[in-house]
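Comments concern the structure below.
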Amino acid sequence: MARVMIDCRKMPSETNCSLTIAGTEEEVLKAAAEHAISTHGHADNPELREELRGQLEPAEAAMA
Ligand SMILES: [Zn+2]
Numbered sequence: 001m002a003r004v005m006i007d008c009r010k011m012p013s014e015t016n017c018s019l020t021i022a023g024t025e026e027e028v029l030k031a032a033a034e035h036a037i038s039t040h041g042h043a044d045n046p047e048l049r050e051e052l053r054g055q056l057e058p059a060e061a062a063m064a
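Numbered by our numbering, the letters in the sequence shown go through residues 1 to 64 in order.
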């Protein structure tokens, strides 16, 4: 299965977070939502997941 990644550096954030999460789309969305909530104080709602989904991109070669 193709892996995707999400790069927290590209998310609107004031903490200069450098985390990158890679995995299946389902794994990345779950981990990224938990990270956004626990680390960045986002509310857990459908809007957050839609925002995260829009930030998914193909995993870079080093992470595929
Ligand atoms: Zn982050």
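Each residue gets a CB set at the ideal place from its N, CA and C atoms; glycine is no exception.
What first and last residue would you give for the alpha helix (DSSP H) that runs through residue i?
i: A31; result: 25–40
i: P46; result: 46–55
The beta strand (DSSP E) that contains residue i, what's its start and end?
i: D7; result: 4–7
Going by Cα to Cα distance, which pick from the options is closest to residue i?
i: P12; options: Q55, E25, K30, P46; result: Q55
i: E14; options: G41, V28, P46; result: G41
Considering only DSSP beta bridges, list what residue i is partnered with.
i: T20; result: D7
i: P58; result: V4
Hey, residue i and residue j: beta-carbon distance below 7 Å or not?
i: T24; j: D7; result: no
i: A59; j: R3; result: yes
i: A33; j: R49; result: yes
i: M5; j: A31; result: no
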